[in-house]
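> Have a look at the structure that comes next, please.
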């Protein structure tokens, strides 16, 4: 149900609904034309790289760690959050980590190696029949990066549950302070969740996957599928951030 609502209420589905509404009201010509124009302009703007950058950059409030950063005193682990999977990848013989998850994992491994801190991977099972995302991440960390994680959190199904279940897992290992690795545009929601659901854990943000403006300025005015996908991500994050703020308040 959540995925269906997002597909209808976020771009591009949002503009398809607006356009369809315009067609339904076709007998009221001026209102119909206004809705169709709104749908066309909205779809165009939602597919521009500059729109995607501006929306996601508003979420990238935590700066990157310097490449030569030493672990802050008392830090005891590197926690990496999952970001989805590729289903039934034939070359892997089944599910594997998605590109977004791999970006986070790669940086988490890098930070773990440079700091000497153990790796903790986090991600549960959206469907009961599936392997937990943390299990897929552990396989990738072990097989592709030669770095087996210290621990896996395999029950969570949302960023909020990531925080709650990871807090309990870290407590069992006696860990009270950790780096948190996720995408820069996801970090505000992740930090809000960890501060609200895991107050006993000191969390240090270690963002990765920053979205930067296109150096070829003329490209910013050309629609692209990637930009449309990023705008959809931005809608998801802003709405999720609002929901988590309300949840942590009440």
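Numbering (the numbering used here), first residue to last: 132 to 381.
Using N, Cα and C, we set each Cβ at its ideal position, and we do this for glycine too.
(1) If we ignore side chains and look at the alpha-carbon of each, how far apart do residue 227 and residue 283 end up?
(2) Of the residues 196, 366, 309, which one's Cα is nearest the Cα of residue 189?
(3) According to DSSP, what are the bridge partners of residue 312?
(4) By the three-class DSSP mapping on this structure, what secondary structure does residue 218 have?
(5) What does a CB cutoff of less than 6 Å around residue 225 pick up in its chain, not counting 5 residues either side in sequence?
(6) Kindly indicate the opening and closing residues of the beta strand (DSSP E) around residue 226.
(7) Let me know if residue 324 comes out buried or exposed under the rule of 16 or more other beta-carbons within 10 Å of its beta-carbon.
(8) Going straight from the alpha carbon of residue 262 to that of residue 214, what length do you get?
(9) By the 10 Å Cβ neighbour count, where 16 or more other Cβ atoms means buried, how is residue 320 classified, buried or exposed?
(10) Output the distance between the C-alpha atoms of residue 204 and residue 380, rounded to the nearest integer angstrom.
(11) Residues bridged to residue 251 by DSSP?
(12) One question on the structure: do residue 250 and residue 281 come within less than 8 Å of each other, judged by their Cβ atoms?
(13) For a test of the three-state rule: what should DSSP assign to residue 332, helix, strand or coil?
(14) With a threshold of 7 Å on Cβ separation, who are the neighbours of residue 239 within its own chain once the five nearest residues in sequence on each side are excluded?
(15) Pick from 332, 310, 142: whose alpha carbon is nearest that of residue 339?
(16) Using 10 angstroms around the beta-carbon of residue 304, count the other beta-carbons present and answer buried if the total reaches 16, otherwise exposed.
(17) In terms of alpha-carbon separation, which member of 341, 294, 368, 354 lies closest to residue 333?
(18) Which same chain residues end up closer than 8 Å to residue 220 when comparing Cβ atoms and leaving out the 5 residues on each side of it in sequence?
(19) Buried or exposed for residue 255, please, with buried defined as at least 16 other CB atoms from any protein chain shown within 10 angstroms of its CB.
(20) Within the chosen definition, does the region 173 to 193 reach the region 336 to 353 through at least 3 CB pairs nearer than 8 Å?
(21) Straight-line CA distance for residue 274 to residue 232?
(22) If you compare alpha carbons, which of 137, 148, 248 is closest to residue 200?
(23) At the level of alpha carbons, what is the spacing between residue 317 and residue 289?
Checking against the coordinates, here is how it stands:
(1) 16 Å
(2) 366
(3) 211, 337
(4) strand
(5) none
(6) 225 to 228
(7) buried
(8) 14 Å
(9) buried
(10) 31 Å
(11) 210, 282
(12) yes
(13) coil
(14) 209, 211, 250, 312
(15) 310
(16) exposed
(17) 294
(18) 226, 227
(19) buried
(20) yes
(21) 15 Å
(22) 248
(23) 12 Å
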